[in-house]
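Step one of this worksheet: look at the structure below.
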Amino acid sequence: MAAPRSCALWSYCGRGWSWAMRGCQLLGLRSSWPGAPLSARLLSQEKRATETHFGFETVSEEEKGGKVYQVFESVAKKYDVMNDMMSLGIHRVWKDLLLWKMRPLPGTQLLDVAGGTGDIAFRFLNYVQSQHQRKQKRQLRAQQNLSWEEIAKEYQNEEDSLGGSRVVVCDINKEMLKVGKQKALAQGYRAGLAWVLGDAEELPFDDDKFDIYTIAFGIRNVTHIDQALQEAHRVLKPGGRFLCLEFSQVNNPLISRLYDLYSFQVIPVLGEVIAGDWKSYQYLVESIRRFPSQEEFKEMIEDAGFHKVTYESLTSGIVAIHSGFKL
Ligand SMILES: COc1cc(O)cc(C/C=C(\C)CC/C=C(\C)CC/C=C(\C)CC/C=C(\C)CC/C=C(\C)CC/C=C(\C)CC/C=C(\C)CC/C=C(\C)CC/C=C(\C)CCC=C(C)C)c1O
Ligand SMILES: C[S@@+](CC[C@H](N)C(=O)[O-])C[C@H]1O[C@@H](n2cnc3c(N)ncnc32)[C@H](O)[C@@H]1O
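Residue numbers for the sequence shown follow my numbering, so the first one is 1339 and each next one is one higher.
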């Protein structure tokens, strides 16, 4: 898309100023100094405000969304196989643990943001269905005098087999959702499941809608994490729970060395060999290193208005699950 002329002019002036500022820096002066011209100070503030990171690269906030989109558009078809190969299946255990922490009750309305190919949603559906079946069996055992027709009816109602629980998978990327929908079809997930295209920073849902909000390996990719956390808070019902599974900081120096070696020497190679995409997997490992520590992220969640914020580090801190409540 061509930039409007005023934008082009602004960016040209910006470039001029940035050289001027670079000159100031070389001379030991800073444009943010009180002595610097007001226009230079404003521009320097604006530049700082609009710059962010895409892995180890510094990019503008406008650019970041597009770059993240390209990454997941590119990896979508190989996404699931890559996760199994890279983590030797460990990501499945982490996702199971998220569900065990959640322990959803019958009737839970879950929103899984950045839900991609549906791993969290499918685990949720399995969990609520098995809970509901167990409850039904208990009830049937208690009502021994039910007719066969009544028993058959209990088992036939597909919607009811979830005990009223529902999950909405929301993701910004069409390709990831497409793979997720195909997986759902192939694996027989239909009832209680909806797919919505949407941005974590501007969720297309009303206030106070969901009992639980999950985001697994998603928030690291969002441009304004604080904005996504505020949106999570907005769409949760009072009493609702926020749960985030994300890469975090390794706390053991020896494991940290091995982890770095594996991340930077092996993962991009696997990305190239399996998915034909070195860059996306280089972005993955770089973005992991840029993500805040367990404690820093906890503070960010509190700043968004959540209470009783806790976290649990898994596999020496390679990942962590953060939890918080909207009161
Ligand atoms: C583009 O963006 C993305 C694309 C995606 O496909 C996925 C995501 C989001 C991520 C997920 C949904 C989770 C699944 C993906 C991963 C777990 C990949 C990321 C993995 C890491 C950053 C590294 C951590 C890996 C593990 C914990 C898996 C276990 C791996 C091993 C035990 C190592 C396997 C060893 C070899 C293959 C031998 C060859 C290795 C070398 C020559 C290098 C030296 C390495 C070692 C000596 C051992 C490695 C040690 C560690 C990894 C640390 C210790 C581990 C434990 C304590 C378990 C997405 O955003
Ligand atoms: C690593 S995948 C995680 C998928 C899934 N939750 C899982 O655990 O396998 C990250 C997902 O975040 C999505 N994503 C990135 N930025 C987003 C945003 N601003 N809003 C919603 N989804 C986003 C990507 O499209 C991608 O599907």
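Cβ atoms here follow ideal geometry from the backbone N, Cα and C, with glycine treated the same way.
Could you tell me the distance, in whole angstroms, from the CA atom of Ile1428 to the CA atom of Gly1453? 18 Å
Where does Arg1528 fall in DSSP's three states? coil
Okay, do the region 1436-1450 and the region 1396-1409 touch, 3+ Cβ pairs below 8 Å being the bar? Touching, no.
Cα-Cα, which of Phe1410, Val1409, Arg1430 and Val1397 is closest to Thr1653? Arg1430
Helix, strand or coil, according to DSSP, for Glu1650 in the structure here? strand
Relative to ligand 2, is the shortest distance from any of its heavy atoms to the C-beta of Asn1483 smaller than 7 Å? no
Quick check on DSSP: helix, strand or coil for Ile1659? Looking at Ile1659 - three-state DSSP - the assignment turns out to be strand.
If you check the beta carbons only, do Ser1503 and Pro1591 fall under 8 Å apart? no
Considering Arg1324, what are the terminal residues of the alpha helix (DSSP H) in which it resides? Because the chain spans 1339 through 1665 in this model, residue 1324 falls outside it and cannot be assessed.
Measuring straight from C-alpha to C-alpha, what distance separates Val1507 and Phe1392? 25 Å
Beta strand (DSSP E) runs wholly inside the region 1468-1520, at least 3 long, in chain order: 1504-1509
Could you have a look at Gln1568 and say whether DSSP puts it in helix, strand or coil? helix
Ser1661 at chain D interface by Cβ criterion, 8 Å: Among the chains of the structure shown, chain D does not appear; only one protein chain is present.
Using a Cβ-based criterion (distance less than 7 Å to any ligand heavy atom), does Gly1609 qualify as near ligand 2? no
Confirm the yes/no value for this check: CB of Ile1659, any heavy atom of ligand 2, distance under 7 Å. no
Return the chain-ordered list of same chain residues with a C-beta closer than 7 Å to the C-beta of Glu1650, the five sequence neighbours on each side being excluded. Ala1658 and Ile1659
What three-state label does DSSP hand Asp1545 in the structure shown? coil
Any non-hydrogen atom of ligand 2 within 7 Å of Asn1464 CB: No, the beta carbon of Asn1464 sits no closer than 7 Å to any heavy atom of ligand 2.
Endpoints, alpha helix (DSSP H) assigned at Pro1606: Ile1605 to Ala1613
Say yes only if the C-beta of Val1406 is nearer than 7 Å to one or more non-hydrogen atoms of ligand 4, and no if none qualify. Summarising the ligand content, the structure contains ligand 1 and ligand 2 and does not contain ligand 4.
For ligand 2, any of its heavy atoms closer than 7 Å to the Cβ of Met1514? yes
According to the neighbour-count rule (16 or more other Cβ atoms, all chains shown, within 10 Å of its Cβ), is Arg1595 buried or exposed? exposed
Can you give the beta carbon distance from Phe1555 to Glu1584, rounded, assuming they're within the 8 Å contact cut? 6 Å
With a 10 Å radius around its C-beta and 16 neighbouring C-beta atoms as the bar for buried, classify Asn1483 as buried or exposed. Answer is exposed; the Cβ neighbour count stays below 16.
Taking 7 Å as the limit between beta carbons, can you name the residues of its chain near Gln1568, skipping five residues before and five after? Ala1642
Less than 8 Å between the beta carbons of Ser1499 and Ala1480, yes or no? no
Does DSSP put Gly1404 in a helix, in a strand, or in coil? helix
Are the beta-carbon atoms of Lys1664 and Gly1536 separated by less than 8 Å? no
Since Ser1285 is in the alpha helix (DSSP H), which residue starts that stretch and which ends it? What the structure shows of the chain is the stretch from 1339 to 1665, and residue 1285 is not part of that stretch, so it cannot be assessed.
Only counting the same chain, and skipping five residues up and downstream in sequence, which positions put a Cβ closer than 7 Å to that of Val1604? none
The beta strand (DSSP E) with Leu1449 in it runs from where to where? Gln1447 to Val1451
Short of 6 Å in beta carbon distance, which residues of its chain neighbour Thr1388, apart from the five on each side in sequence? Order them along the chain. Ser1398 and Glu1399
Could you tell me how far apart the beta carbons of Tyr1551 and Ala1570 are, in whole angstroms, since I believe they sit closer than 8 Å? 5 Å
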